[in-house]
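The block underneath contains the structure these notes are about, expressed in structure tokens.
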Amino acid sequence: MKALSLFSLMVVALAACGGSRLAPRVEAPQDPEPVVVPEPAPAPAQPTTDIVITTGVHGNEPSGWLVQDQLFALGFNVFGPCNPWGIQNNKRELEDGTDLNRAFAWEGYAEVDAVKKFLEENPPGLLLDLHEDPNGTGAYLIQNGPDDDIARAIIDALKDEFEFDPEPRSVITGENGLVKPTLQQLRGLLFLKVYGLAVYAWANYACTAIVVECPGAWPEDKRKRYQLRVCEVAREIYAARR
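Read left to right, the sequence shown gives residues 4 to 245 (our numbering).
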């Protein structure tokens, strides 16, 4: 804490009412107690505007949404929950039963439109979409963007902290914690018009878009810590390469 020094300026007026008559003597005041001024609160972290994090696409996979405030405080650019009804009701799908993460080529979904608007206003250079795998046995990343190795670098940086699935399975099977669709496979999803948020971001913003997965069976604290650590490490690697 800092003590604020106060400088007192005392002006003594001498009234001469005649001849050598002097004004009464004025005693100098004692030094006042120092005024304690609180330290200003630290400014919020400046957003890392081209790293976008999305949470709560599936309402029964809440760990990303549960650390959303912490991600904001760390300066990340975050949107979520993408599926508010699902989060509120612990349901994977939207209220009408649609899987939001298959609907990004479709019209008529306010939740899809909200995400698209946010991305339009905050174009991502890197996108992290935070999920859980209710049936998973280890963590893994799905990287949309075949010309980049950032997901592998994230896994290598965290493999001593978390258990990664040696053979993760999504639409395709990966290895050592990484599922990485080829360009041909990604184009196939676009052609079929059945794809999710990360594929949409990759296709429209030419960014690497990573789906971050961890086992739903992990304790909540571990799931939340994993989501935070992936985001932190991703930012470190991304910044070092720019």
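Heads up, the beta-carbon is just placed ideally off N, CA and C, and yes, glycines get one too.
Around the Cβ of residue 91, a 10 Å sphere holds fewer than 16 other Cβ atoms; the residue is exposed. Burial is judged here by how many other beta carbons sit within 10 angstroms of a residue's own beta carbon; residue 100 has fewer than 16 and is exposed.
Nearest in C-alpha terms to residue 154, of all of 175, 131 and 119, is 131. In its chain, beyond the 5 residues on either side, 227 have a beta carbon closer than 6 angstroms to the beta carbon of residue 69. Of all C-beta pairs linking the stretch 70–89 to the stretch 154–164, fewer than three are shorter than 8 angstroms, placing the two stretches out of contact. For the pair residue 168 and residue 199, the CB atoms are not nearer than the 8 angstroms cut-off. DSSP, reduced to helix, strand and coil, places residue 189 within a helical segment of the structure shown. Residue pairing of residue 143 in beta bridges, as defined by DSSP: 216. In terms of Cβ geometry, residue 55 and residue 122 form a close pair [threshold 8 angstroms]. Residues 131, 144, 146 and 154 of the same chain have their beta carbon placed closer than 6 angstroms to that of residue 213, with the five preceding and five following residues left out of the count. Just so you know, the alpha carbons of residue 74 and residue 84 end up roughly 13 angstroms apart. Taking a C-beta distance under 8 angstroms as the contact criterion, residue 103 and residue 60 qualify as a contact pair. In terms of CA proximity to residue 152, 183 leads the group 178, 183, 141 and 229. Linking residue 219 to residue 245 through their CA atoms gives a straight-line distance of about 34 angstroms. Pairing residue 133 with residue 180 gives a Cβ-Cβ distance that is not under 8 angstroms. The beta carbons of residue 115 and residue 82 sit no closer together than 8 angstroms.
Note on geometry: alpha-carbon atoms of residue 210 and residue 149 lie some 10 angstroms from one another. The straight-line gap separating the alpha-carbon atoms of residue 177 and residue 142 is approximately 12 angstroms. As for any beta strand (DSSP E) of minimum length 3 sitting wholly inside the stretch 48–109, the runs are 51–57 and 79–82, ordered along the chain.
Taken atom to atom, the span from the alpha-carbon of residue 159 to that of residue 185 is near 21 angstroms.
In the structure shown, residue 167 adopts extended strand secondary structure according to DSSP, grouped into three states. Secondary structure note for residue 159: its alpha helix (DSSP H) is the uninterrupted segment 153–161. About 7 angstroms separates the beta carbons of residue 216 and residue 135, which is inside the 8 angstroms limit, making them a contact pair. Distance check between residue 203 and each of 127, 171 and 76 places 127 closest, using alpha-carbon atoms only.
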